[in-house]
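First residue of the sequence shown: 1, per the numbering used here; consecutive thereafter. Ideal placement from N, C-alpha and C gives every residue a C-beta, glycine not left out. The structure displayed is predicted, hence computed values, not measured ones.
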Amino acid sequence: MRLGLDLRRRPEGVRSGNVLGALRLLRFTRYVANQGIAMKINSDQAGCEIVAGPGESINDCDPREIVSLVRRHGWLVFDGFDATVAEFEALTSRFGTCAGTRTVHYPAGGEALGFHAEDAYNPYRPDAIWFLCVFAGSDGGAPTRIVDGVRLLGDLGADWQEFCRANVLRFDRQWSRELWQAGVGPQGKAELDAVLRGIPAVSHQFLRNGDLHVSYSTPIVTRTPAGEDSFSNTMLQAITEPPFYGLSLGNGAPVPPELAETVQQMAIDREIRLGWKAGRAGVLDNFRMMHRRSEYNGTGRDLRARHCEDFFGSVLPDASTPVSAWAKSLLQGDEGYPVQVGPLDRETALTTSERA
Ligand SMILES: O=C(O)CCC(=O)C(=O)O
Ligand SMILES: [Fe+2]
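Right under this line is the structure:
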């Protein structure tokens, strides 16, 4: 894709559409005429949009250009392409290893999702996440709210910044013997043990009662593919559901409520609303941006998500054998709810440890 720069200054909010809620903040917008693709670049904050020219398909966009724009701007939305699921899957498959496309889930009670980076509570964090709206639903496309973690970190006071750099998040979860044996069989214990031992930042123990305890530690402050520090993690979502995440700081202490409250308020103040309509797609740098959804009590909103593991070249733990694939599914939370969460107390850790 060759970029012919056509720097016409436009007043803010010149285009309509939900995504432009964010763009109204712009002082000016840059349009790039490019062989029929009118690429609009937000030059004032994170974010970028590619707008289709007549007859263009989402697969006419150049993958290298897409990676470069997401690296630079943190997120990218594709508008006017009316992408189908098949076209979305063809496009996303051009960016390395992708998980299967999943359908976004809505809890029966309509509960909100807190800000999170995708899968940042386990070692299989993709470096990019894609979304496609298949159907806007009864409310006209409830937005996914996103926030730029680079900006968030920069705006945090010096003390909290220092705290975030000095601490890590730790997710301690424990599953029953019945669960892991159903996954790998009694003979699979030694292999499961070896797989877990080989995953960076994970430590685990098989306890005397047969439970499997797994602890995963990850920084609060991440480094983006563009080399900037970012507040991008799953702290705020994890606080909403302690029995699932088992969150603490690295030393086992709780996350200070004042930190969570401060970041939550700052993130909401700075969030950008990515509204959806059928055929609109988007991709987020998952080391820079966090995303959330407000309470949703509508019907019919059909949003698909696809985790792209190595969009920027990240290397994730191997999951190519049946046991390593099952371990991935377990740590991603797909095999069952933990029977217990939180760090092992010292005594339990010392006396109940049982190696395979
Ligand atoms: O529904 C949304 O807007 C976001 C959903 C989400 O965060 C996810 O499925 O990973
Ligand atoms: Fe998500």
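Cβ-Cβ distance between residue i and residue j below 8 Å
| i | j | result |
| --- | --- | --- |
| residue 145 | residue 273 | yes |
| residue 269 | residue 75 | no |
| residue 212 | residue 335 | no |
| residue 287 | residue 225 | yes |
| residue 221 | residue 153 | yes |
| residue 120 | residue 218 | yes |
| residue 87 | residue 58 | yes |
| residue 117 | residue 215 | no |
| residue 163 | residue 267 | no |
| residue 317 | residue 123 | yes |
| residue 342 | residue 77 | no |
| residue 333 | residue 244 | yes |
| residue 174 | residue 338 | yes |
| residue 380 | residue 94 | This structure gives no information on residue 380, because the portion of the chain shown stretches from 1 to 356. |
| residue 228 | residue 150 | yes |
| residue 99 | residue 79 | no |
| residue 275 | residue 143 | yes |
| residue 147 | residue 49 | no |
| residue 293 | residue 113 | yes |
| residue 160 | residue 247 | no |
| residue 331 | residue 183 | no |
| residue 177 | residue 210 | yes |
Counterpart residues of residue i in DSSP-defined beta bridges
| i | result |
| --- | --- |
| residue 215 | 172, 203 |
| residue 133 | 303 |
| residue 413 | Since the first and last residues shown for the chain are 1 and 356, residue 413 lies out of range. |
| residue 247 | 171 |
| residue 370 | In the structure as shown, the chain starts at 1 and stops at 356, and residue 370 therefore has no counterpart that could be examined. |
| residue 270 | Residue 270 pairs with nothing; no bridge assigned. |
| residue 151 | DSSP lists no partner for residue 151. |
| residue 61 | Answer is none; residue 61 lacks a bridge partner. |
| residue 104 | Its beta-bridge partners do not exist; DSSP assigns none. |
| residue 221 | 231 |
| residue 128 | 285, 308 |
| residue 145 | 273, 292 |
| residue 340 | 174 |
beta-carbon residue i near ligand 1 non-hydrogen atom, thresh 7 Å
| i | result |
| --- | --- |
| residue 291 | yes |
| residue 67 | no |
| residue 234 | no |
| residue 104 | yes |
| residue 144 | yes |
| residue 132 | no |
| residue 303 | yes |
| residue 284 | no |
| residue 152 | no |
| residue 113 | yes |
Distance cut-off 7 Å: residue i Cβ against heavy atoms of ligand 2
| i | result |
| --- | --- |
| residue 307 | no |
| residue 116 | yes |
Residue i beta carbon near ligand 4 (any heavy atom closer than 7 Å)
| i | result |
| --- | --- |
| residue 122 | Only ligand 1 and ligand 2 can be found as ligands here, which leaves ligand 4 out of the picture. |
Neighbour flag for residue i against chain C, beta carbons, 8 Å
| i | result |
| --- | --- |
| residue 298 | Among the protein chains of the structure shown there is no chain C, as only one such chain exists. |
| request: Decide yes or no for the touch test of the segment 302–310 against the segment 130–145: beta carbon pairs closer than 8 Å, at least 3 of them. | output: A contact exists between the segment 302–310 and the segment 130–145.
| Can you find at least 3 beta carbon pairs, one from the segment 134–143 and one from the segment 291–303, that sit closer than 8 Å? | With the cut-off at 8 Å, the segment 134–143 and the segment 291–303 touch.
| task | Can you check the segment 280–321 for any beta strand (DSSP E) of at least 3 residues that lies completely inside it and give the ranges in chain order? | result | The qualifying runs are 281–285, 289–293, 302–308.
| said: I'd like to know if the segment 193–204 and the segment 83–91 are in contact, where contact means that at least 3 CB-CB pairs between them fall below 8 Å. | reply: Result no; under three Cβ-Cβ pairs closer than 8 Å.
| said: Any contact between the segment 181–199 and the segment 317–325? By contact I mean 3 or more CB pairs, one from each, below 8 Å. | reply: Touching, yes.
| Segments of 3+ residues assigned as beta strand (DSSP E) that fall wholly inside the segment 68–94 | If only complete runs of 3 or more residues are kept, the segment 68–94 shows the beta strand (DSSP E) at 75–79, in order along the chain.
| Just checking, does the segment 160–170 make contact with the segment 308–317 on the three C-beta pairs under 8 Å criterion? | The segment 160–170 is not in contact with the segment 308–317.
| field | Stretch-stretch touch, CB-based, cutoff 8 Å, three pairs: the segment 222–242 with the segment 251–267 | value | The segment 222–242, when compared against the segment 251–267, does touch it at the 8 Å Cβ threshold.
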